[in-house]
Amino acid sequence: MDFFANMPRDPFADDPNDPASFLEEDEQAVPLTPEERASMEAELRLVGEFARALKPRGIDGIFFLCDDCEEEHFYEWEILGNNMRAALNNELAPVHEPGAHPDPTRYVPWDYALGYLDGMESR
Ligand SMILES: [Zn+2]
């Protein structure tokens, strides 16, 4: 399962004046298919579990290497959840919005968080 394949593509990805922000809320993204919606709802629940499990251990969120700008993007749990909720409402999520100088040591890849949760459950 490729989690980020379900993220809506940022229509401003190639625009140097990327206006991505929550001010763009009346712009409509391509509606999710029922399958995309179901998997995003499952992932949204996972993000809640990640936050509960990892936040007390000093992990603030997820990072991933962006295919569009080839930079790592950092998302706090809350921001990730908000982006997913926005996508579920067919709103554009600000994919490239930079965080406020995130500390890279406090972010993990999605697969790490997933593995961490699995490890907890098998204990
Ligand atoms: Zn990017």
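Okay, so the sequence shown: first residue is 1 according to full-length UniProt numbering, each after it adds one.
Think of the CB as a built atom: it goes at the ideal place given N, C-alpha and C, for glycine as much as any other residue.
Supposed close pair Gly-61, Leu-80 - CB separation, criterion 8 Å:
6 Å
Closest residue to Gly-48 among Asp-103, Arg-85 and Pro-34 (Cα-Cα distance):
Arg-85
First and last residue of the uninterrupted beta strand (DSSP E) at Gly-61:
61-65
Three-state secondary structure assigned by DSSP to Glu-70:
coil
Exposure of Ala-42, with buried meaning 16 or more beta-carbon neighbours within 10 Å:
exposed
Are the CB atoms of Phe-74 and Leu-117 within a distance shorter than 8 Å?
no
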